[in-house]
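Notes for the one structure printed next.
In the working numbering, the protein residues as written are 2 to 122.
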């Protein structure tokens, strides 16, 4: 799918429609090699001979923010407090660099603002 659509970035899931079915597909390396697409019964909405695999939406990276609850859960899973302090310091340094260098500001904007908001020539 990535090659057919000419995509540069990887994605982990695809929302699709195919032959009266719809759902989300993802790579499952545990399936045997002779299975190209596994469709559960609940994915079939109606019978159709239409054999075109239609991509409706691709998964995309989303920003992650560590809130208090997430930090507490990770701390409970033995992630040290030092790890969170280092992440916070790295984030502060990225913000400071963006104030000092245009290239860092552009990188930060590209990371934080969804691509559909950005102007392209």
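All C-beta atoms, glycine included, are put in the ideal place defined by N, C-alpha and C.
| Item | Value |
| --- | --- |
| With distances taken Cα to Cα, identify the nearest neighbour of residue 113 among 43, 71, 64, 93. | 64 |
| Could you please give the first and the last residue of the uninterrupted alpha helix (DSSP H) stretch that includes residue 77? | 69-77 |
| What does DSSP give as the partner residue(s) for residue 140 in the beta ladder? | The shown model of the chain, from 2 to 122, leaves out residue 140, and the question about it has no answer. |
| Count the other C-beta atoms from every protein chain shown that fall within 10 angstroms of the C-beta of residue 17, then say buried if there are 16 or more, exposed otherwise. | buried |
| Taking residue 54 as the reference, give the member of 43, 98, 23, 94 with the closest Cα. | 23 |
| Report the three-state DSSP secondary structure of residue 58 (helix, strand or coil). | strand |
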